[in-house]
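Residue numbers (the numbering used here): 419 to 904.
Right, one structure below, let's go through it.
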Ligand SMILES: [Cu+2]
């Protein structure tokens, strides 16, 4: 095989080009700030950092120059609510769990003022993972109640970083809520998006079991054993649900700055019904695309963004899913706007499935009563009610109606159910929360309202009353209508 000089020269050029590409993409980001470069960036002027409580984040850095940024962070030990009726003494950076969000850009010189409120009981400090230096600042920031310390650092690596208290016992300080996020944007800032939010997961160790009300003390042994009673976003059950849900409009791009304070568990972060268009893996510079679930280590983070194309309530979870439905790690993103049937059609057809073959007997999506044969006799209505039960109630109250101890009350031989039919109708219609007693056992949880027609409510309750030793009440659609009218 012969190769002339010219060819060799071309190959050599190509190889140099490839090496060049690899080294530039490996060491430099697109804005050219290596940590070495960044140390040389001159700061101009000074400003006070905007700090925000979750789920909000401060304004993007945009194209501002590197500056001396003054962060005023106050540590507050204060009582809050972990779940309805469950009180907990949180230790916080800035009064919230997670602590105030700090937003910087590469080259900023941060002058950190850490203040320990005089009413606090304990000394604290701060270790910021964005800091290059002994203890991430912990060594210089130990501060007693009623005191303030000041230390400075230059942020030279872009990324999303966790900060936390590192005072002994460290696990306890973190478990009580002492963590938050500090973002270091590249020069020129992250690409623009329409909405940005701050979410941080944490695990909590209370003396009482999940749901046990009253002021709950920290349980060191459960912490050591890694057996949390609560695993939540933003410090409490329900911090991102209902009226607290984060929001966006169809067509907008949403960026979530997600952290995990731990102290123990890692998070399998997922948004049901969405795909992350981009994920800054572990909060660093590398971007992965089209991701369903991203793993966020304790003391780590991720930046995810996605465009919302269809309306709906998108449930934010730790996909270690018992945590979500039994320990609290459930949030919501509510998206409003027009449907896009090309992307998501909604239910189109539902019919009877016959394994022996043949076509399904379809009925239109909106359960048009004229097409669906209406259950009229008592046995038809019980059969129809059983189908509703299997679709909606079964997941919580179980197939045999026995419920789940400490979580979902039984419907089988339930004295509560049998005592008052109208109340049962109202519970299915409107949902229920707060304490109730069934067969001598207390429950204090939430049953979501069920979106069912009057016929469906009547039928499902008739089925429940006719099963498992209950009182055989016949609940009619007229009775349901009467309760609805009240
Ligand atoms: Cu602390």
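We put the beta carbon where it would ideally sit given N, CA and C, even for glycine.
With distances taken Cα to Cα, identify the nearest neighbour of residue i among the options.
| i | options | result |
| --- | --- | --- |
| residue 755 | 475, 668 and 836 | 668 |
| residue 850 | 839, 862, 463 and 857 | 862 |
| residue 548 | 562, 539, 573 and 542 | 573 |
| residue 829 | 811, 844 and 840 | 811 |
| residue 481 | 607, 716, 859 and 794 | 607 |
| residue 590 | 575, 642 and 718 | 642 |
| residue 694 | 677, 702 and 671 | 671 |
| residue 471 | 604, 500, 516 and 562 | 516 |
| residue 711 | 717, 723, 703 and 605 | 723 |
| residue 467 | 453, 519 and 455 | 519 |
| residue 750 | 656, 452, 842 and 456 | 656 |
| residue 720 | 799, 702 and 734 | 702 |
| residue 543 | 553, 585, 576 and 551 | 585 |
| residue 818 | 883, 847, 501 and 700 | 883 |
Does DSSP classify residue i as helix, strand or coil?
| i | result |
| --- | --- |
| residue 405 | In this structure the chain extends from 419 to 904, so residue 405 is not present and cannot be described. |
| residue 534 | strand |
| residue 862 | strand |
| residue 807 | helix |
| residue 870 | coil |
| residue 526 | coil |
| residue 608 | coil |
| residue 708 | strand |
| residue 739 | coil |
| residue 756 | coil |
| residue 621 | strand |
| residue 880 | helix |
| residue 570 | strand |
| residue 695 | strand |
| residue 558 | helix |
| residue 890 | coil |
| residue 589 | helix |
| residue 700 | helix |
| residue 603 | strand |
| residue 895 | helix |
| residue 847 | helix |
| residue 800 | helix |
| residue 679 | strand |
| residue 638 | helix |
| residue 580 | strand |
| residue 853 | strand |
| residue 464 | strand |
| residue 456 | helix |
| residue 628 | coil |
| residue 903 | helix |
| residue 725 | strand |
For residue i, which residues of its own chain have a beta-carbon under 7 Å away from its beta-carbon, when the five flanking residues on both sides are left out?
| i | result |
| --- | --- |
| residue 730 | 691 and 753 |
| residue 736 | 619, 649, 685, 686, 687, 742 and 747 |
| residue 592 | 582, 583, 679, 680 and 681 |
| residue 806 | 870, 874, 877 and 878 |
| residue 562 | 534 and 541 |
| residue 802 | 793 and 877 |
If you drop the 5 nearest sequence neighbours on each side, which residues of the same chain put their C-beta closer than 8 Å to that of residue i?
| i | result |
| --- | --- |
| residue 646 | 621, 622, 623, 640, 682, 683 and 745 |
| residue 444 | For residue 444, the pLDDT reaches just 37, beneath the cut-off of 50, and the residue's location in the model is therefore unreliable, leaving the point undetermined. |
| residue 758 | 668, 727 and 728 |
| residue 566 | 531, 532, 533 and 534 |
| residue 897 | 839, 840, 843 and 876 |
Tell me whether residue i counts as near ligand 1, meaning its Cβ is closer than 7 Å to at least one heavy atom of that ligand.
| i | result |
| --- | --- |
| residue 507 | no |
| residue 535 | no |
| residue 880 | no |
| residue 565 | no |
| residue 547 | no |
| residue 542 | yes |
| residue 510 | no |
| residue 596 | yes |
| residue 583 | yes |
| residue 591 | yes |
Spatial neighbours of residue i within its chain, please: CB distance less than 6 Å, with the 5 preceding and 5 following residues excluded, ordered by chain position.
| i | result |
| --- | --- |
| residue 610 | none |
| residue 615 | 473, 664 and 674 |
| residue 844 | 901 |
| residue 857 | 833 |
| residue 603 | 479 and 523 |
| residue 814 | 826 |
| residue 525 | 456, 459 and 484 |
So, does the CB of residue i fall closer than 8 Å to a CB anywhere in chain B?
| i | result |
| --- | --- |
| residue 459 | Among the chains of the structure shown, chain B does not appear; only one protein chain is present. |
Any contact between the region 573-581 and the region 596-604? By contact I mean 3 or more CB pairs, one from each, below 8 Å. Per the Cβ contact rule, the region 573-581 is in contact with the region 596-604 (3 or more Cβ pairs under 8 Å).
Using 8 Å as the threshold, is the region 864-871 in touch with the region 881-891, meaning 3 or more CB pairs across them? Contact fails: fewer than three Cβ-Cβ distances are below 8 Å.
Pairing CB atoms from the region 483-491 with CB atoms from the region 462-470, are three or more of them under 8 Å? Segments in contact, yes.
Would you call the region 525-538 and the region 492-505 touching, i.e. three or more CB-CB distances under 8 Å? The region 525-538 is in contact with the region 492-505.
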